[in-house]
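Asks: This structure is in structure tokens; I'll ask about it shortly.
There are 2 protein chains.
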Amino acid sequence: MKTKIAENIPGYTYGQSGVAKSPINTDELKLLKQSVGMTEEDERYLRVAGEVLSDRTEELVGRWRTVIAAHPHLARYSKRLDGQADPHYSQNSGLRFQQWILDTCLRPYDQDWLNYQQEIALRHTSVKKNKTDGVESIGYIPLRYVVTFTAVINDAHILKPLLAAKGHSAEEVDRMHQAWCKSVQLQIALWAEPYTDTKIAPNEW
Amino acid sequence: MKTKIAENIPGYTYGQSGVAKSPINTDELKLLKQSVGMTEEDERYLRVAGEVLSDRTEELVGRWRTVIAAHPHLARYSKRLDGQADPHYSQNSGLRFQQWILDTCLRPYDQDWLNYQQEIALRHTSVKKNKTDGVESIGYIPLRYVVTFTAVINDAHILKPLLAAKGHSAEEVDRMHQAWCKSVQLQIALWAEPYTDTKIAPNEW
Chain A
1 MKTKIAENIP GYTYGQSGVA KSPINTDELK LLKQSVGMTE EDERYLRVAG
51 EVLSDRTEEL VGRWRTVIAA HPHLARYSKR LDGQADPHYS QNSGLRFQQW
101 ILDTCLRPYD QDWLNYQQEI ALRHTSVKKN KTDGVESIGY IPLRYVVTFT
151 AVINDAHILK PLLAAKGHSA EEVDRMHQAW CKSVQLQIAL WAEPYTDTKI
201 APNEW
Chain B
1001 MKTKIAENIP GYTYGQSGVA KSPINTDELK LLKQSVGMTE EDERYLRVAG
1051 EVLSDRTEEL VGRWRTVIAA HPHLARYSKR LDGQADPHYS QNSGLRFQQW
1101 ILDTCLRPYD QDWLNYQQEI ALRHTSVKKN KTDGVESIGY IPLRYVVTFT
1151 AVINDAHILK PLLAAKGHSA EEVDRMHQAW CKSVQLQIAL WAEPYTDTKI
1201 APNEW
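Protein chains in written order, with my numbering: chain A, 1 to 205; chain B, 1001 to 1205.
Written out as structure tokens, the structure reads:
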């Protein structure tokens, strides 16, 4: 099974020394996993989902991007400042988006995973957006669009047909989808951190 | 059909003059509805869900609170500072929690709804937590627990049996559940606002 969607993914720094450092450790992550209700069974079904999706990541990202493209208030964040498409940005971020699917399903949720979540989080904000790919685009994605768009990322109408494509039962597809939704909800919580006001909630967002 | 779970709900200020004012208007709300993919069909299925759940809100809140009670890192936010339960706080917030289910399904998403979302948001934070009920409890709920716990609020294993209890088909129950999840994701985005750093993203969180 494929665990990496391409040999070379520009800007994909998972596990590397230059990556961001998560504000939380794996003990705190355990509490977040409990808060979303993630069980060992969910973790097993995430692995199964990863196996099923491993050669369908391009299609899945394509489906999500079709939704983004249909809404100018979302599409603008991946365009240039003059409103034109940026094929280089789209290509590189698309490869990372595909790899994110596999990492969500197949990576162990350890400190490296937490750190890369923080890297992803920062790349939505003015701290790091556009810098990885050297593009001129809007400087950050408002948190409310990051949060709301994950409803599309979790949309059963998009995800379940792909999860069902290798012959698993409806019950197994349901379990894969549930596990996926829990993981995404956990990740949104992590992605929210750089947006929060640390003076109100130091180390606690 | 019941649209209010009790004649008198302490601290429930929906539509009243003292309620918070949302930082966004209904035009901006339209963009958020698009971002979660909420359609008119979803809105219809939310109404159906409201009809189905209208006399089961106490049971549903009970199920969610069982999950909270099982996790000390979540349960502490509804207890007194000495770690003891506060029946008065629990009772009042429980009634509002029940009413929130019906409001999610049955209220029009207008400026009054937006304003009460902001009121709910502030009641999770140091601005208003504990003040409505005059209790001594921890001063705010970290945003990461607000976000992650919504995975339990959306958990199909808890919600779907209740949605199915009045004889709707599996397809209809699926649609009710999907509409519910979209609404909750939209609400999380609204609840995140008071936690965000307005210096980074003025009026845009």
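The C-beta atom is built at its ideal place from N, Cα and C for all residues, glycine as well. Just so we're clear, the structure is a prediction, and the values are computed from it rather than from any experiment.
1) Looking at the structure shown, is Thr196 (chain A) part of a helix, part of a strand, or coil, going by DSSP?
2) Which of the three DSSP states is assigned to Val1019 (chain B) in this structure?
3) If you measure beta-carbon to beta-carbon, which residues of the stretch 1140-1164 of chain B are closer than 8 angstroms to chain A?
4) Please state if the CB of Ala1165 (chain B) and the CB of Cys1105 (chain B) are separated by a distance shorter than 7 angstroms.
5) Taking the CB atoms as reference points, tell me whether Ala1192 (chain B) and His1177 (chain B) lie closer together than 7 angstroms.
6) How would you list, in chain order, the residues of chain B whose beta-carbon sits under 8 angstroms from the beta-carbon of Leu186 (chain A)?
7) Find the nearest neighbour of Met1 (chain A) within the set A:Gln16, A:Leu74 and A:Leu53, judged by alpha-carbon distance.
8) May I ask you to report which of helix, strand or coil DSSP gives Trp1113 (chain B)?
9) In chain A, what lies closer than 8 angstroms to Leu1046 (chain B) by C-beta?
10) With a 10 Å radius around its C-beta and 16 neighbouring C-beta atoms as the bar for buried, classify Glu1119 (chain B) as buried or exposed.
11) For a cutoff of 7 angstroms on Cβ pairs, would you count Lys1129 (chain B) as touching chain A?
12) Distance check for Asn92 (chain A) and Gly232 (chain A), CA to CA, integer angstroms please.
13) Please confirm whether Ala1151 (chain B) and Gln34 (chain A) have their CB atoms less than 7 angstroms apart.
14) In chain B, which residues lie less than 8 angstroms from Lys182 (chain A) when you measure between Cβ atoms?
15) Excluding the five sequence neighbours on either side, which residues of its own chain have a C-beta within less than 7 angstroms of the C-beta of Ala1189 (chain B), listed in chain order?
16) What did DSSP end up calling Ile1101 (chain B) once you bin it into helix, strand or coil?
17) In whole angstroms, what is the alpha-carbon distance linking Asp1110 (chain B) and Thr1026 (chain B)?
18) So that I know if they touch, is there some Cβ in chain A lying closer than 7 angstroms to that of Asp1197 (chain B)?
19) Ordered along the chain, which non-local residues of its own chain (more than five positions away) have a Cβ less than 8 angstroms from that of Cys208 (chain A)?
20) Note the first and the last residue of the continuous alpha helix (DSSP H) segment covering Lys1033 (chain B).
21) Does the distance from the C-beta atom of Pro1194 (chain B) to that of Leu1122 (chain B) stay below 7 angstroms?
22) Using the Cβ count rule (16 or more neighbours within 10 Å means buried), how would you classify Gln1016 (chain B)?
23) Under 8 angstroms between beta-carbons, which chain B residues line up against Gly37 (chain A)? List them in chain order, please.
24) Does the stretch 1123-1140 of chain B come into contact with the stretch 1072-1083 of chain B, if we say contact requires no fewer than three beta-carbon pairs (one atom in each stretch) closer than 8 angstroms?
25) Tell whether a beta-carbon distance below 7 angstroms holds between Arg65 (chain A) and Trp1205 (chain B).
26) Inspect the beta-carbon positions of Leu1046 (chain B) and Ala1179 (chain B) and report whether they are closer than 7 angstroms.
27) Once DSSP output is grouped into helix, strand and coil, what is the label at Ala170 (chain A)?
Replies: In brief:
1) In the displayed model, Thr196 (chain A) falls within a strand according to three-state DSSP.
2) In the three-state scheme derived from DSSP, where H, G and I count as helix and E and B as strand, Val1019 (chain B) is classed as coil.
3) Tyr1140, Pro1142, Leu1143, Arg1144, Tyr1145, Val1147, Thr1148, Phe1149, Thr1150, Ala1151, Val1152, Asn1154, Asp1155, Ala1156 and His1157
4) no
5) no
6) Thr1148 and Ala1151
7) If we check each option's Cα against that of Met1 (chain A), A:Leu53 comes out closest.
8) In the displayed model, Trp1113 (chain B) falls within a helix according to three-state DSSP.
9) The premise fails here: Leu1046 (chain B) is roughly 14 angstroms from chain A at the closest Cβ pair, so nothing lies under 8 angstroms.
10) Its Cβ being crowded by 16 or more others within 10 Å, Glu1119 (chain B) is buried.
11) no
12) This structure cannot settle anything about residue 232 (chain A), because the visible part of chain A is limited to 1 through 205.
13) Not a contact, by the Cβ cut-off of 7 angstroms.
14) Ala1151
15) Leu1032
16) Note: Ile1101 (chain B) maps to helix in three-state DSSP.
17) 6 angstroms
18) yes
19) Chain A is shown from 1 up to 205; residue 208 (chain A) falls before or after that span and cannot be answered.
20) Thr1026 to Val1036
21) yes
22) exposed
23) Val1067, Ala1151, Val1152 and Asp1155
24) Taking a cut-off of 8 angstroms for Cβ pairs, the stretch 1123-1140 of chain B and the stretch 1072-1083 of chain B touch, as three or more such pairs fall below it.
25) Note that the C-beta distance between Arg65 (chain A) and Trp1205 (chain B) is not below 7 angstroms.
26) yes
27) helix
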